[in-house]
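J.:
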Amino acid sequence: DSPDAFLLWGFTDKYSWVPYSFSGYGSAVIFDESYEPKPAYYSLKEAMIDKISSYNK
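Positions -15 to 41 (the working numbering) are the ones given, in order, by the sequence shown.
1) Quick check: the region 10 to 20 against the region -7 to 1, are there 3 or more CB pairs under 8 Å?
2) Can you tell me whether DSSP reads P21 as helix, strand or coil?
3) Which full runs of the beta strand (DSSP E) of 3+ residues lie inside the region -10 to 15, going along the chain?
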């Protein structure tokens, strides 16, 4: 089942506030400090593709 919505708590590791507020949870963003995609980027991309594909069925 694909998601209906998603929420990003920032964009890159460089500017993420999450590690300072929630120790142990990483940066909670989809790009690293160099704006390279992290594994979550690819998971989100696939979920979005699946959702769009479901509209075409």
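By construction, the Cβ of each residue, glycine as well, lies at the ideal position given by its N, Cα and C atoms.
T.: On the basis of the coordinates in this document:
1) yes
2) Reduced to three states, the DSSP call for P21 is strand.
3) The DSSP assignment places no complete run of the beta strand (DSSP E) inside the region -10 to 15 (cut-off: 3 residues).
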